[in-house]
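Engineer: Shown below is the structure under consideration.
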Amino acid sequence: GDESALKRTFSFNDFYNDTIRYKTYSLYWISDNEYLHKTSEGHIYLHNAETKESSMYLSNSTFAQVDATDYILSADRKFVAFESNYSKLRRHSYTASYHIYNMESQEFLSKVQIPPVTQFLVWAPVENKLAYVWEYNIYLKKNATAEAVQVTHNGKVNEIQNGVPDWVYEEEVFASNEAIWWSPQGKYLAYLQINDTGVHNIEYPLYGNDQYPTTVLIPYPKAGCVIPRARLFVIDVENPSKQTEVVVPKSVGSGDHYLRTVTWVTDERLAVQWLPRRQDSVLLQIYDYDGTNWKETSYFPEAPYFAANNMSFYKVMSNDKGYKHLHYVDAVSIIVLLLFYIFISNIQIPAELQCMKLYILQQCFWKNQKVKFSPFIHYKNIFNILSLSVFSTLCYYRYGGPASQNTDYVFRLEWATYLCSTEKVIIASFDGRGSGYQGDEIMHAIYGRLGTYEVEDQISASYGGYVTSMVLGSGSGVFKCGIAVAPVAKWEYYDAVYTERYMHRPEENMESYKNSTVTDRAKNFKSVQYMLVHGTADDNVHFQQAAQISKALVENYVDFEAMWYTDKDHGLSGKARYHLYTHLNHFLQNCFAEKK
């Protein structure tokens, strides 16, 4: 056939409809050598990675009985919780209905009822104990068929939340909807209690289709304002009424603070990370259970003994079996690689020394796949790279937030792929000061002064919306047009956890807050084309931000384009996403078409 007929660019429909996509394979490990995989037909198959054997585990007809879209298997594999009626709340959280299925009898447990709008459900790591959260209270089942026991009673929307994080903990601290942690043998259940009673609410309308809009209220701590109070409790599963608080250490608890992570070491030992509000240090506190309370355990890491050359040291460390051995570490830096010589005493023969070399290459690695070629390799030219002479427009593709990375080797098929393939636009990604994975000096360059160096670096060479707006507002003349989707206007309007991590509180760093606002640069937008996009139901970067930018531009007689998406959140999902990208395409085409 005609080879030219096979060649075409990556179109907008290819991008939006995923007509061209790379193959993925999702799996769910249930042992060291077994995993479950859901086929395109909706069947669940059990695969043995060692024997390569597979068998049907759950039929799609079982899913269909309760209109389930997902499933969670108990640790002993005797029961399955089928998830249906999924309803997204925020970035990670959602509500759903759950039906318990008995694998042995191959039927659903009709007498076991779990509330229809459950906020979170998790099996214990052993047997088939179960915990779930409903209406911000925790319920416990000692086994799948047992009656549920309510173990907290003070849960109330926008005030007290048990077992699930509030908005800011979900978004900025945990990055998940989980705030329940089973101990390794299921003896105890730790949970977070969030108190939002002093936190100011953000309010925004949800227009819907009714005669009057409804109002959404979410406790949302902004920079410098009251933050949630977090407490950690542990439940004795055999005696659920017996609850003990894991008290925050005084060195952190004397002021505002956050609970960062909860990790079970054993059933009687718990490791918790606490952060002061300023987030410039972290306290890892280990607690041991004495039968009544969780007591702070004093832990002082043993200092290494350095040799005379100050390049090597001896240290007693435990191996993976828990036995202490004397280690000798010699760190030698040699241009391309770092060598660590470790002499380890053998487990069976403590006096015998082993020499192990750990090579750490000073090179960026990226996620890729191994490729094995056949002995006889034949090469064929699949794509002809277009000459750069046909490209005349440069487009920056940005996020630019602290510790972020834009320039990498990850293969993607995205909007930028369409732009450079079909619209003949050169796409440039740039990691300036403040970005991650290039060392602490670069990453910490914008500490306490967002909106400075990371913006300057875009000129000389969401945050993405924020950087776009700040760059265009700089008046440098380097950039001709820009699109800001859900941008930050002022950091005082954004949440306290994220903002204060880099900027501290406004009263501590007012000058940097003033210098980092988009609205103060409004007059400089007269010489550029600017499009402002925002969802009216954005619970993350509130529509207030876009409204303030719009107001400042109008007051400075600046012409600009704007598009809002009614009742859409930060993700701008569904038909709004298609509309957004279509609109962005038109905006860029008009911008590129104008004479320079």
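The sequence shown begins at 1000 in our numbering and counts up by one. Heads up, the beta-carbon is just placed ideally off N, CA and C, and yes, glycines get one too.
(1) Tell me the DSSP secondary structure of ARG1268 in three-state form.
(2) Just mark MET1530 as buried or exposed, buried being the case when its beta carbon has 16 or more other beta carbons within 10 Å.
(3) Would you list the one or two residues that DSSP bridges to ILE1226?
(4) Using only CA atoms, which one of ASN1523, VAL1496 and LYS1186 lies nearest to PRO1239?
(5) Starting from TRP1414, trace the alpha helix (DSSP H) both ways and give me its first and last residue.
(6) Check whether the Cβ atoms of ASN1194 and ARG1228 lie closer than 7 Å to each other.
(7) First and last residue of the beta strand (DSSP E) that includes SER1086?
(8) What number of angstroms, rounded off, separates the C-alpha of SER1332 from the C-alpha of VAL1281?
(9) Under a three-way DSSP split, which group does GLU1554 fall into?
(10) Are there three or more Cβ pairs, one per stretch, closer than 8 Å when the region 1572-1580 is compared with the region 1194-1208?
(11) Classify TYR1512 as buried or exposed, calling it buried when 16 or more other Cβ atoms lie within 10 Å of its own Cβ.
(12) Could you check which residue in THR1068, VAL1261 and PHE1478 has the C-alpha nearest to that of GLN1528?
(13) Shortest alpha-carbon distance to PHE1232 belongs to which of ILE1285, LEU1072, ASN1161 and ASP1255?
(14) Answer yes or no: do TYR1034 and HIS1042 have a C-beta to C-beta separation smaller than 7 Å?
(15) Applying the 10 Å Cβ sphere with the 16-neighbour rule, what's the burial state of TYR1027?
(16) Starting from the Cα of HIS1098, find the closest Cα among ARG1089, THR1068 and ARG1090 and give me that residue.
(17) When the distance is taken between beta carbons, is VAL1121 closer than 7 Å to ILE973?
(18) Pull up the distance between the alpha-carbon of THR1535 and that of TYR1257, whole angstroms please.
(19) Output the boundary residues of the beta strand (DSSP E) element that contains LEU1026.
(20) Ignore the nearest five residues each way along the sequence and tell me which others in ASN1200's own chain have a CB closer than 8 Å to its CB.
(21) Would you give the residue range spanned by the alpha helix (DSSP H) that ASN1584 belongs to?
(22) Give, in chain order, every unbroken run of the alpha helix (DSSP H) that is at least 4 residues long and sits entirely within the region 1054-1079.
(23) By the DSSP assignment, the beta strand (DSSP E) with GLU1510 in it spans what residues?
(24) Ordered along the chain, which non-local residues of its own chain (more than five positions away) have a Cβ less than 6 Å from that of THR1008?
(25) Alpha carbon to alpha carbon, how far is ALA1596 from VAL1125?
(26) Short check: CB of ILE1071 to CB of ALA1080, under 7 Å?
(27) Should MET1502 go down as buried or exposed, given a rule of 16 or more other Cβ atoms within 10 Å for buried?
(28) I think SER1073 touches ASN1127, with their Cβ atoms under 8 Å apart; what is that distance to the nearest whole Å?
(29) Taking the straight line between their C-alpha atoms, what separation do you get for ALA1488 and ALA1551?
(30) Would you tell me roughly how many angstroms separate the C-alpha atoms of HIS1324 and VAL1315, rounded to the nearest one?
(31) DSSP on ALA1048, reduced to helix/strand/coil?
(32) Can you grab the Cα-Cα spacing for the pair LEU1191 / THR1265, in whole Å?
(33) Less than 6 Å between C-beta atoms, sequence neighbours within five positions excluded: which residues of the same chain meet that for THR1516?
(34) Using a Cβ-Cβ cutoff of less than 6 Å, which residues in the same chain neighbour PHE1586 once the five nearest sequence positions on both sides are dropped?
(35) At what residues does the alpha helix (DSSP H) containing ASP1519 begin and finish?
(36) Can you tell me where the alpha helix (DSSP H) holding GLY1252 begins and where it ends?
Structural biologist: Straight from the coordinates:
(1) Here the question's residue 1268 lines up with position 269 in the sequence shown. Of the three classes helix, strand and coil, the one that applies to ARG1268 here is strand, per DSSP.
(2) Here residue 1530 refers to the residue found at position 531 when the sequence shown is read from its first residue. Buried is the call here.
(3) In the sequence shown, counting from the first residue as 1, residue 1226 sits at position 227. In the DSSP output, where bridge partners are listed per residue, ILE1226 has none listed.
(4) Position 240 of the sequence shown holds residue 1239. Minimum Cα distance to PRO1239 is reached at LYS1186.
(5) Here residue 1414 is taken as the residue at index 415 of the sequence shown, counted from 1. Counting along the chain, the alpha helix (DSSP H) containing TRP1414 begins and ends at 1414-1420.
(6) Indexing the sequence shown from 1 puts residue 1194 at position 195. Indexing the sequence shown from 1 puts residue 1228 at position 229. Yes.
(7) Your numbering for residue 1086 matches position 87 in the sequence shown. Its beta strand (DSSP E) spans residues 1078-1087.
(8) Here the question's residue 1332 lines up with position 333 in the sequence shown. Here the question's residue 1281 lines up with position 282 in the sequence shown. Below a pLDDT of 50, predicted positions are generally treated as unreliable, and SER1332, at 40, falls in that range; no measurement from the model is reported.
(9) Taking the first residue of the sequence shown as position 1, residue 1554 is located at position 555. Helix, per DSSP.
(10) no
(11) Position 513 of the sequence shown holds residue 1512. Under this definition TYR1512 is a buried residue.
(12) Residue 1528 sits at position 529 when you count from the first residue of the sequence shown. Measuring from the Cα of GLN1528, the nearest candidate turns out to be PHE1478.
(13) In the sequence shown, residue 1232 corresponds to position 233, counting from 1. Of ILE1285, LEU1072, ASN1161 and ASP1255, the residue nearest in Cα terms is ASN1161.
(14) Counted from its first residue, the sequence shown places residue 1034 at position 35. Counted from its first residue, the sequence shown places residue 1042 at position 43. No, the Cβ-Cβ distance between TYR1034 and HIS1042 is not below 7 Å.
(15) Position 28 of the sequence shown, counted from the first residue, corresponds to residue 1027. By the 10 Å Cβ count, TYR1027 comes out exposed.
(16) Walking along the sequence shown from the start, residue 1098 turns up at place 99. Of all alpha-carbon atoms in ARG1089, THR1068 and ARG1090, the one lying nearest the alpha-carbon of HIS1098 is that of THR1068.
(17) Summary: the structure shown does not reach residue 973, with the chain confined to residues 1000 through 1595, and so no result is reported for it.
(18) The count along the sequence shown starts at 1 and reaches residue 1535 at position 536. The count along the sequence shown starts at 1 and reaches residue 1257 at position 258. C-alpha separation (whole angstroms): 30 Å.
(19) The residue labelled residue 1026 in the question sits at position 27 within the sequence shown. Where LEU1026 is concerned, there is no enclosing beta strand (DSSP E), given that its DSSP letter is neither H nor E.
(20) In the sequence shown, residue 1200 corresponds to position 201, counting from 1. If we look at ASN1200 and ignore the five residues flanking it on each side, its Cβ neighbours are ASN1157, LEU1216, ILE1217, PRO1218 and TYR1219.
(21) One-based indexing of the sequence shown puts residue 1584 at position 585. Run containing ASN1584: 1574-1592, per the alpha helix (DSSP H) assignment.
(22) 1059-1064
(23) As a position in the sequence shown, residue 1510 is number 511, starting the count at 1. Here GLU1510 belongs to no beta strand (DSSP E); instead the alpha helix (DSSP H) covers 1509-1514.
(24) As a working mapping, residue 1008 is identified with position 9 in the sequence shown. Closer than 6 Å at Cβ, skipping near neighbours: SER1420 and THR1421.
(25) Here the chain comprises residues numbered 1000 to 1595, so residue 1596 is not present and cannot be evaluated.
(26) On the sequence shown, position 72 is the one that residue 1071 refers to. On the sequence shown, position 81 is the one that residue 1080 refers to. Cβ distance < 7 Å, so ILE1071 and ALA1080 count as in contact.
(27) Counting from 1 along the sequence shown, the entry for residue 1502 is found at position 503. MET1502 is buried by the Cβ-count criterion.
(28) The residue you call residue 1073 lines up with position 74 of the sequence shown. The residue you call residue 1127 lines up with position 128 of the sequence shown. Confirmed, Cβ separation roughly 4 Å.
(29) What you label residue 1488 is simply residue 489 of the sequence shown in a count that begins at 1. What you label residue 1551 is simply residue 552 of the sequence shown in a count that begins at 1. About 10 Å.
(30) Locating residue 1324 in the sequence shown gives position 325, counting from the first residue. Locating residue 1315 in the sequence shown gives position 316, counting from the first residue. C-alpha separation (whole angstroms): 6 Å.
(31) In the sequence shown, residue 1048 corresponds to position 49, counting from 1. In the displayed model, ALA1048 falls within coil according to three-state DSSP, outside both helix and strand.
(32) For this step, residue 1191 is matched to residue 192 along the sequence shown. For this step, residue 1265 is matched to residue 266 along the sequence shown. Between LEU1191 and THR1265, the C-alpha separation is close to 19 Å.
(33) On the sequence shown, position 517 is the one that residue 1516 refers to. If we look at THR1516 and ignore the five residues flanking it on each side, its Cβ neighbours are LYS1489.
(34) Stepping through the sequence shown from its first residue, residue 1586 is reached at position 587. Correct list, in chain order: MET1530.
(35) For the purposes of this step, residue 1519 is taken as the residue at position 520 of the sequence shown. It is not in any alpha helix (DSSP H) - ASP1519 carries neither H nor E in the DSSP assignment.
(36) In the sequence shown, residue 1252 corresponds to position 253, counting from 1. 1249-1252 is the span of the alpha helix (DSSP H), which, as asked, contains GLY1252.
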